[in-house]
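If you read the sequence shown in the numbering used here, its first letter stands for residue -5, the second for the next number, and so on. For reference, the structure discussed in these notes is given below.
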Amino acid sequence: MTLKRKLISFDWAIKKVLRSKANFGILEGFLSELLFTDITILEVLESEANKETSEEKYNRVDIKVRDAKGKILIIEVQYSREMDYFQRILYGACKVITEHLPEGAAYADVTKIISVNILYHELGTGDDYIYHGTTHFIGLHKHTELALSKAQQKLYPAEQIADLYPEYYLINVKNFDDIAKDRLDEWVYFLKNEEIKDNFKAKGLQEAKQKLDVLKMNPSDRQDYELYQTKLHHDASIYQSTYVLGQINGIEQGIEQERAKNQLEKLAMAKKMQQQGMAIETIAELTGLSKAEIANIS
-5 MTLKRKLISF DWAIKKVLRS KANFGILEGF LSELLFTDIT ILEVLESEAN KETSEEKYNR
55 VDIKVRDAKG KILIIEVQYS REMDYFQRIL YGACKVITEH LPEGAAYADV TKIISVNILY
115 HELGTGDDYI YHGTTHFIGL HKHTELALSK AQQKLYPAEQ IADLYPEYYL INVKNFDDIA
175 KDRLDEWVYF LKNEEIKDNF KAKGLQEAKQ KLDVLKMNPS DRQDYELYQT KLHHDASIYQ
235 STYVLGQING IEQGIEQERA KNQLEKLAMA KKMQQQGMAI ETIAELTGLS KAEIANIS
């Protein structure tokens, strides 16, 4: 029996690996399969939206790309667990637009934004595993769709109004049935299972198989990765208890109890990290605790 080759999870790769130019081919492959066009990454953008908090910074990456037609796009790839995620992705797309429109520029210079969201939690109800959202204007009386005039088609690099507005892709990996029917499915299989089969042909996957091998990590990075995975399992448990069960029971007291339990578990995790000799700054970043809280651990 052939053992599965353990690969770094995609969310960790976004944090630590895929921001490097040497590894752009992995993200280019994923985005090319998702958008059905060849994508070339031009640069990873350092924006104010990426710097709001250390947690938010590492849960997303904004990249400037060129598609097969030469069109310049800004693509936001993010991963997070939040109940208000629909508003989060709207806010994120709007902020990216404003941050990358030069001062004094015409609105016609607004860059197209594509928001790609990899979901490892429930978001709404639905039985599909990939959802695509766009903006269309439909007449209330004749139900026809508003279209660009010929003059506007010359002004904008767009064929329809929807091309001007942000697009959203929601990839709900939990709904995927593990049967890869096409090359995009091969990517979703990897996102869910952290495994790439030998017969997969999707762009970027074979490079990912080589560069995201857990066994090739140095000891320090592997320790950080294992601690991150432990934190993810803990966060998933808190999310389940606080939001899902809390909605069913409708008991605010239960939420407070979970918060207290969450704090205790964070302190216990921080104490273990201290015993392993980790720096306070690193512990604070991984646990979300303040330096003062960590310093007072007995």
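Idealized CB from N, CA, C, for every residue including glycine.
For residue i versus residue j, is the C-beta spacing smaller than 8 Å?
i           : j           : result
residue 71  : residue 54  : yes
residue 19  : residue 189 : no
residue 111 : residue 165 : yes
residue 11  : residue 206 : yes
residue 162 : residue 83  : yes
residue 280 : residue 219 : no
residue 197 : residue 26  : yes
residue 274 : residue 285 : yes
For residue i and residue j, what's the separation of their Cα atoms in angstroms?
i           : j           : result
residue 47  : residue 270 : Low per-residue confidence applies at residue 47: pLDDT is 45, beneath 50, and the placement is therefore not dependable enough to give any value.
residue 6   : residue 0   : 13 Å
residue 173 : residue 99  : 47 Å
residue 145 : residue 23  : 35 Å
residue 133 : residue 105 : 26 Å
residue 97  : residue 103 : 11 Å
residue 116 : residue 33  : 29 Å
residue 125 : residue 79  : 14 Å
residue 153 : residue 89  : 24 Å
residue 252 : residue 15  : 41 Å
residue 211 : residue 21  : 19 Å
residue 176 : residue 30  : 12 Å
residue 85  : residue 113 : 17 Å
residue 92  : residue 266 : 43 Å
residue 256 : residue 215 : 25 Å
Taking the beta strand (DSSP E) that residue i belongs to, which residues open and close that run?
i           : result
residue 161 : 161 to 166
residue 111 : 106 to 113
residue 54  : 54 to 60
residue 270 : First-last for residue 270: undefined, no H or E at that position.
Assuming residue i contacts residue j under a Cβ cut-off of 8 Å, what Cβ separation, rounded to an integer in Å, is found between them?
i           : j           : result
residue 288 : residue 262 : Actually they do not touch by this definition, with Cβ atoms about 12 Å apart.
residue 131 : residue 108 : Not really, about 20 Å apart at Cβ, beyond 8 Å.
residue 35  : residue 57  : 5 Å
residue 180 : residue 194 : 4 Å
residue 182 : residue 123 : 6 Å
residue 129 : residue 159 : 4 Å
Between which two residues does the alpha helix (DSSP H) harbouring residue i extend?
i           : result
residue 125 : Premise fails: residue 125 lies in the beta strand (DSSP E), 124 to 127, not in any alpha helix (DSSP H).
residue 90  : 79 to 93
residue 291 : Unbroken run through residue 291: none, as it is neither H nor E.
Can you confirm whether residue i, when its beta carbon is compared against all beta carbons of chain B, has any partner nearer than 8 Å?
i           : result
residue 165 : Included in the structure is just one protein chain, with no chain B present.
Those runs of the beta strand (DSSP E) which lie wholly inside the region 148 to 203 and span at least 3 residues: Taken in chain order, the complete beta strand (DSSP E) segments of 3 residues or longer contained in the region 148 to 203 are 161 to 166.
Whole runs of the beta strand (DSSP E) within the region 10 to 42, excluding any shorter than 3 residues: Runs of the beta strand (DSSP E) inside the region 10 to 42: 34 to 38.
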